[in-house]
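From first to last, the protein sequence lines stand for chains A and B. Every number in my numbering is 7 more than the matching position in the first sequence, counting from 1. Every number in my numbering is 2 more than the matching position in the second sequence, counting from 1. In this text, a Cβ means the ideal position worked out from N, Cα and C, and glycines have one as well. Report on the structure given below.
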Amino acid sequence: MTNITPSAGVQQTGRTSRVTGRLLILQVLVLSLLATLGGRLWYLQIRTGEQYQQQASQNHIRTVMVPAVRGEIVDANGQPLADNATQLVVSVSRTSLLQQKDGGKAVLDRLAQVLGLPAQEVHDKVRLCDAKTPQPCWNGSPYQPIPVTDKATTQQAMQILERREDFPGVTADPTAVRQYPAPNGANAAQVLGYLSPVTQDEINAATGSDGKSTFAASDQIGRAGLESVYDSRLRGTPGTTDLEVDNLGRVIGTAGGRPATPGDIVVTSLDSRIQGIAEQQLQQAMVTLRGTYDTVTQQNFKADSGAVVVMDVHTGRVIAMASAPTFNPNIWTGGISAKDYAALTDVSSDFPLLNRAIQGQSAPGSTFKVVSTSGALNAGYSYDDTFPCTSSMTIGGRVFKNFEGENFGAINLSKALEVSCDTVFYNIAYAQWLKDGGTKPTHPNDWLYKAAHQFGLGQKTGIDLPSEVPGRVPDRAWHQSYYDAMKDTWCKEAASGRNDYATAVAKEDCADFATLRAGDEVNYAIGQGDTLVTPIQMARIYSAIANGGTLYQPQVAKAVVTPSGQLVSDLAPIVQGKLPDTQRTLQYIDQATANVITSGTAAWKFQGWPQDKIALHAKTGTAEVVGKQTTSWFDTYTKDYAIVMTISQGGTGSGGSGPAVRNIYNALYGIQPDNSIDPKKALLPTPQTTLPRFNANGSPVQQAAFTVGLPGDAPLPPAGEGTPAAAFALAPERRASA
Amino acid sequence: MSGLSSSYRAPRYTPQRGAVGRLMARESPLRRMDWVLVLAAIALSAIGSLLVWSATRSRYEINHGDPQYFLYRHLINLLIGIGLCTAVVLLGHHRLRTAAPFLYGLAVLGVLSVLSPLGSTVNGAHSWIVLGGGFSVQPSEFCKIAIILGMATLLSARVDAGERPVPDGRSIVQALALAAVPIGVILMMPDLGSTMVMVVIILGVLMASGAPRRWLFGLIAVGGAGAYAVVQLHLLKQYQIARFAAFADPSLDPAGVGYNTAQARIAIGSGGLLGKGLFHGTQTTGQFVPEQQTDFVFTVAGEELGFVGAGLIILLLGVILWRACKIAREAGDLYSTIVAAGVVAWFGFQGFENIGMTLGIMPVAGIPLPFVSYGGSSMFAIWVGIGLLQSVKMQRAIAA
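As structure tokens, then:
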């Protein structure tokens with residue numbers, strides 16, 4: 008190919024052989040460089056390409072969580088008690104802010120001006136949380152738009168959207184936020200609960216083995232009431248959107264994702280109409296009491312707190328549950344202010360967050376006597392045995408007085424319940440105490456204490472609400488354990504040598520609290536002393552008496568349905584036990600409690616009550632509290648409903664709570680001011696047994712008819728609820744006995 | 003072969019031909035052109051157009067809202083480049099030898115004017131003259147041609163005149179001094195990438211000129227010692243060294259060059275065998291690789307066209323260099339040989355450095371990929387280089 012002659016110095020082509028050699032070297036060099044590139048290219052793309060493909064997808068895909076719409080909590084008729092309002096949420100994209108020359112400072116300042124917020128607050132809200140940053144700060148993904156306010160007005164939103172160039176990265180979107188619409192005035196704050204942001208600990212606790220938490224940092228979580236108990240049902244499943252982003256994090260497209268599954272609807276047995284009335288009546292009763300003079304303490308009643316429970320006796324379902332004082336649950340929406348939070352939780356507040364229907368415990372007073380009566384009858388006393396109802400009784404040197412010193416002569420247990428004679432129960436309790444061995448018990452039967460446990464006292468009812476308290480049955484075991492815990496304190500105080508009441512009590516308790524003393528059992532028999540109960544426990548007891556002896560686990564929720572109305576789970580009534588009484592005993596108590604309305608302690612507040620049409624049963628209670636005014640208890644039932652109301656520092660049972668309870672019954676049964684019954688105005692003459700029906704969009708089809716569910720009636724489909732046949736079978740009998 | 007063909011140089015019989023016939027005749031310039039070289043260059047430019055288009059479609063900050071803004075300009079640059087190439091072929095590289103002093107003076111003035119207030123800084127390198135209307139020139143690109151022509155003229159003068167078999171020391175010193183002036187100016191810009199290319203061109207030119215080995219090794223030794231001294235005497239700041247070394251370890255300069263190399267490697271690596279498809283690269287669409295239409299254009303090929311497409315670019319570059327080497331070997335005189343070899347060194351090193359830095363085997367330097375990268379000055383200079391090669395090829399026998 009070449010005509011170069013090595014010996015020749017200068018060639019025809021004007022080159023030396025050296026040049027030719029050099030050119031060959033150049034060619035080999037250049038081409039081997041290219042071969043190097045090819046090899047390197049092969050290594051990157053073929054050999055290790057997979058690794059780079061992963062990096063590339065991590066690079067440009069940002070998965071953003073799409074929150075699921077939280078399910079509603081609806082009442083028995085499908086009326087939303089908790090739903091989602093559309094609010095204009097103004098959000099800021101951090102990635103857009105960071106593209107601004109000043110890091111978005113000017114944009115945020117303008118935004119603060121439009122929203123009427125302090126500029127510092129807006130700046131603080133969009134900074135990212137870390138260990139050193141105090142609240143407020145953004146806890147979520149930096150790629151997620153950060154909400155600045157959820158209370159923007161339409162006008163503010165328009166200002167922002169019309170001046171896009173002034174507000175890069177700022178959006179104003181309608182977003183679902185929790186609201187509690189209080190239909191028919193049914194606030195039900197403590198029952199419904201509220202939402203607040205999830206904590207880091209909760210996120211960690213919910214982190215599975217795959218390192219992914221079921222909570223996102225920006226999630227809200229149910230904190231109390233039904234919102235808390237049914238949180239996982241209401242929550243739904245958040246979706247994801249895979250955003251394609253560019254090098255600056257700007258979103259340039261969507262690469263798919265998964266839509267959010269909205270949360271399920273929790274259908275409660277609450278009837279917003281009854282709930283509204285119950286709340287209003289409780290409030291009214293307390294207001295009235297505060298204007299009423301208490302002759303015992305020489306001042307108006309304080310009526311500082313109270314609760315009322317309306318229960319369906321056939322199922323244990325709660326139709327209304329109110330606790331006072333209360334609060335507006337909507338103040339939690341969008342973050343509670345420090346001031347509001349203090350008002351709810353400070354020591355100086357009256358603790359409106361407490362649901363006193365399940366968390367308020369106090370001595371039941373005379374409403375406990377149905378338990379004592381049952382215990383006495385089971386201990387062997389007969390229906391007709393009579394006991395002296397004297398004005399007072401001396402046991403072990405201590406005088407136990409009848410309430411207001413009344414004297415009814417020799418009466419039976421039925422009459423003792425009716426007129427709420429304490430001394431009758433003192434007699435029985437003292438006799439039982441002696442029988443069980445007095446201060447040196449040998450195999451005590453403890454019939455009266457056994458009855459309390461059998462009636463479900465001293466333990467949680469298991470209602471589907473959080474933080475229920477168990478109350479207390481001050482039996483021998485409790486005396487021993489409490490003594491063990493308190494011995495040192497008491498004996499130290501007893502040794503102080505002071506000469507006052509507290510020291511005297513301490514001296515006594517130091518000596519013999521460990522054993523059940525005569526005074527303890529005597530006091531216990533009339534629901535005083537160390538006995539503690541909650542309103543829900545009492546509502547369950549009176550429901551059981553009304554339904555023939557079945558103790559149900561109280562329930563607020565009765566079903567979970569999908570947003571389109573498909574039944575997910577039917578929360579059927581749960582039987583927890585039976586009362587220890589025979590049907591005869593229950594009828595005996597029925598009669599006595601009916602007499603309370605017609606001629607007993609509540610008669611003065613129930614004049615004209617149509618007892619022949621709606622047999623009402625009641626037991627009043629006036630529990631004494633050391634250093635305070637008496638607690639008013641009023642426990643009532645008909646064949647379908649039990650209503651229990653209690654007001655702390657509210658005087659007598661019938662006086663403090665009677666009218667309010669009567670008004671609730673009036674609403675249920677449609678009883679007019681002239682005591683006639685107008686069935687058309689009856690809100691709920693019989694308990695509801697069907698679920699509300701929902702349209703595909705989740706709105707209730709209509710208010711469910713409330714006249715269904717009588718025995719023999721075919722319930723409307725889709726009747727998910729199983730009303731126990733036994734409870735209904737008893738109904739005629741109950742009516743006869745009433 | 004050249005010896006054989008020369009004996010057929012003057013045809014004894016010239017038949018009458020039409021215009022097309024004349025063009026197709028054996029002695030016609032079109033027949034004597036290296037068509038493989040031309041077709042490879044055009045193919046590479048065509049691929050480059052697509053890559054530049056893909057890289058700039060969604061870069062709204064720079065494409066003025068027109069996805070085809072850069073595509074059109076790239077094609078116009080290409081046409082101008084081919085025009086310049088044709089002009090060089092028609093003029094012939096021998097005539098350019100006469101004009102070499104003039105061209106050299108123009109180039110030195112050009113790079114000097116960059117240092118004057120006329121110059122602008124782009125990406126840290128003060129190497130541009132903005133002409134207005136969106137046009138700007140990078141005189142260092144044309145300086146490469148001036149150095150090749152100038153050095154070739156000086157080194158070959160006495161050899162081609164038959165006075166000496168190899169360039170003598172004096173002409174070598176003159177040639178080095180000639181190259182040193184613009185290189186010194188460019189180094190001050192600082193345009194490290196162009197400096198590196200020019201140093202390699204000098205080495206290539208000296209090598210092809212047949213200059214004694216001591217000059218070559220001496221030059222390499224001086225350059226190495228100089229670089230060593232610069233590092234040892236702390237003439238460079240730590241971050242500058244880190245930036246230089248970041249091609250091997252991106253963590254040395256994670257926000258700057260390290261980011262570039264890491265993203266470039268992700269883009270190329272994720273392309274796999276067949277790529278993600280033109281316009282479908284996520285790294286490209288997401289603009290993760292900076293300067294993607296210019297210095298990092300190869301990453302578009304890697305990501306969207308895969309090993310097949312990116313390999314084709316290397317292959318076409320190889321074809322061009324193979325043809326260029328062949329032309330250099332078959333050149334009619336030392337001047338032509340040096341010119342062709344200078345172009346080989348230029349294209350070869352620039353291509354290797356550019357692709358090598360995107361693949362993470364060469365330090366990052368701001369130089370374009372011949373034929374493919376967007377950029378008028380580079381495109382014009384490259385096609386002038388092709389023109390020089392064609393001229394050497396076509397004029398070889400004429401000169402002989």
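Same chain only: Cβ atoms within 6 Å of residue i, ignoring 5 sequence neighbours per side
i, result
"Ser122/B", "Trp130 and Val132"
"Asp685/A", "Gly677 and Gln679"
"Gln397/B", "Gly94"
"Gln487/A", "Ala521"
"Ile204/B", "Ala181"
"Val321/B", "Ala42"
"Phe410/A", "Asp429"
"Gln710/A", "Summary for Gln710/A: the model assigns pLDDT 45, below 50, so the residue's position carries little reliability, and this model does not support an answer."
"Asn191/A", "Ser279, Arg280 and Gly283"
Selected residue, minimal CA-CA separation from residue i, among the options
i, options, result
"Leu151/B", "Val374/B, Thr339/B, Glu165/B and Met359/B", "Thr339/B"
"Ser576/A", "Thr268/A, Lys565/A, Gln598/A and Ala501/A", "Lys565/A"
"Asn554/A", "Met328/A, Gly387/A and Gln590/A", "Gln590/A"
"Gln52/A", "Ala333/B, Pro252/B, Pro103/B and Gly304/B", "Gly304/B"
"Leu46/B", "Ser393/B, Leu390/B, Trp385/B and Met190/B", "Trp385/B"
"Phe354/B", "Gly45/A, Leu30/A, Arg700/A and Asp681/A", "Gly45/A"
"Arg61/B", "Pro292/B, Ser393/B and Leu317/B", "Pro292/B"
"Arg29/A", "Leu323/B, Arg215/B, Ser196/B and His66/B", "Arg215/B"
"Arg240/A", "Lys457/A, Val568/A and Ala484/A", "Val568/A"
"Cys327/B", "Ile388/B, Met359/B and His282/B", "Ile388/B"
"Phe104/B", "Phe144/B, Leu254/B, Ile49/B and Met359/B", "Phe144/B"
"Arg230/A", "Tyr237/A, Ala484/A, Asn91/A and Leu202/A", "Leu202/A"
"Ser100/A", "Arg669/A, Arg134/A, Arg77/A and Lys687/A", "Arg134/A"
Identified DSSP bridge partners for residue i
i, result
"Ser24/A", "None; Ser24/A has no bridge partner."
"Ala386/A", "Beta-bridge pairing links Ala386/A to no other residue."
"Gln94/A", "Thr182/A"
"Ile131/B", "Gly121/B and Val139/B"
"Asp131/A", "According to DSSP, which records beta bridges pairwise, Asp131/A is partnered with nothing at all."
"Glu251/A", "Ile68/A and Gly260/A"
"Val406/A", "Thr401/A"
"Phe641/A", "Thr627/A and Met652/A"
"Gln227/A", "Pro204/A"
"Gln290/A", "In DSSP, Gln290/A forms no bridge with anything."
Spatial neighbours of residue i in its chain, beta-carbon cut-off 8 Å, leaving aside the 5 residues before and after
i, result
"Ala349/A", "Ser356"
"Leu280/B", "Leu52, Ser56, Glu306 and Leu307"
"Gly416/A", "Pro395 and Cys396"
"Ile326/A", "Ala83, Ser276, Leu277, Asp278, Ile281, Gln282, Val317, Met318, Asp319, Tyr648, Leu691 and Pro694"
"Arg160/B", "Arg166, Pro169, Asp170 and Ser173"
Anticipated Cβ contact below 8 Å, residue i with residue j, distance rounded
i, j, result
"Val198/A", "Gly232/A", "5 Å"
"Leu104/A", "Val114/A", "6 Å"
"Tyr559/A", "Thr322/A", "6 Å"
"Ala75/A", "Gly243/A", "3 Å"
"Ala610/A", "Gly372/A", "Going by Cβ atoms, the distance from Ala610/A to Gly372/A rounds to 18 Å, so no, they are not a contact pair."
"Val274/A", "Leu675/A", "The pair is not a contact, with the Cβ atoms about 20 Å apart (cut-off 8 Å)."
Own chain partners of residue i with C-beta closer than 7 Å, once the 5 adjacent residues on each side are dropped
i, result
"Leu276/B", "Gly308 and Val310"
"Gly719/A", "Caution applies to Gly719/A, whose pLDDT of 31 falls short of 50 and renders its modelled position unreliable; the value that the coordinates give is listed next. Nothing meets the Cβ criterion."
"Gly263/A", "Asp249"
"Leu371/B", "Val299, Phe300, Gly353, Asn356 and Ile357"
- the stretch 313-330 of chain A contacting the stretch 636-656 of chain A, beta-carbon criterion three pairs below 8 Å: yes
- Message: Does the structure place the stretch 246-260 of chain B close enough to the stretch 362-372 of chain B that three or more beta carbon pairs sit under 8 Å?
- Response: yes
- Message: Measuring CB atoms only, is the stretch 544-552 of chain A touching the stretch 640-647 of chain A, in the sense that at least three cross pairs come out at less than 8 Å?
- Response: yes
- Query: Is the stretch 213-221 of chain A touching the stretch 293-309 of chain A in the sense that three or more CB pairs, one from each, lie closer than 8 Å?
  - Reply: no
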